[in-house]
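Under the working numbering, the first residue of the sequence shown is numbered 1, with each subsequent residue one higher. Cβ atoms here follow ideal geometry from the backbone N, Cα and C, with glycine treated the same way.
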Amino acid sequence: MKSAGLLLLTSIGLVGCVHTASEQALVIRDMGDAMNECRRYTEERLTEVTGISIDRLSTRENNNEYDVYLNITDGHQRGYVQCQVSKKEGLGVTYHAVRDFEREQRYFAG
């Protein structure tokens, strides 16, 4: 009986430690996390994009945030995305701009 109670308490404790993908994405520890968060954020908003690559030469770390640049394509056109990802826990992407990429009858140009 004691082992069943211990198992139940352990199960409840572990469920409380599980984080959703969106909660995990908001913990930005380094440049790699910032790049992944920018990519995830872009994929959610630009579903027609078929290719995303990181522009490592333009991406940089500042005092309070990371500036991340992505090259994007949908197979017919190319453009780029600029993200600012906050270093403060829980904020994630604070700025997102799409440049030189047509989307649903709108044109994004910088």
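Residue environment, residue i, which counts as buried when at least 16 other CB atoms sit within 10 Å
i, result
"G92", "buried"
"G90", "exposed"
Residue i: first and last residue of the uninterrupted alpha helix (DSSP H) it sits in
i, result
"T50", "Taken as a continuous stretch (DSSP letters only), T50 belongs to no alpha helix (DSSP H), as it is neither H nor E."
Residue-level contact to chain C via CB, residue i, 8 angstroms cutoff
i, result
"R45", "Included in the structure is just one protein chain, with no chain C present."
C-beta contact flag for residue i and residue j at 8 angstroms
i, j, result
"N71", "S53", "yes"
"G79", "D55", "no"
6 angstroms Cβ shell around residue i - same chain, five flanking residues per side excluded
i, result
"D74", "E48, V49, T50"
"C83", "C38, V68, V93, H96"
Close beta carbons around residue i, own chain, < 7 angstroms, minus the five adjacent residues each side
i, result
"E102", "Q77"
Where the beta strand (DSSP E) containing residue i begins and where it ends
i, result
"I28", "It is not in any beta strand (DSSP E) - I28 carries neither H nor E in the DSSP assignment."
"R56", "Premise fails: R56 is in no beta strand (DSSP E) and is neither H nor E."
CA-to-CA distance, residue j to residue i, given in whole angstroms
i, j, result
"A97", "E43", "13 angstroms"
"L57", "A34", "15 angstroms"
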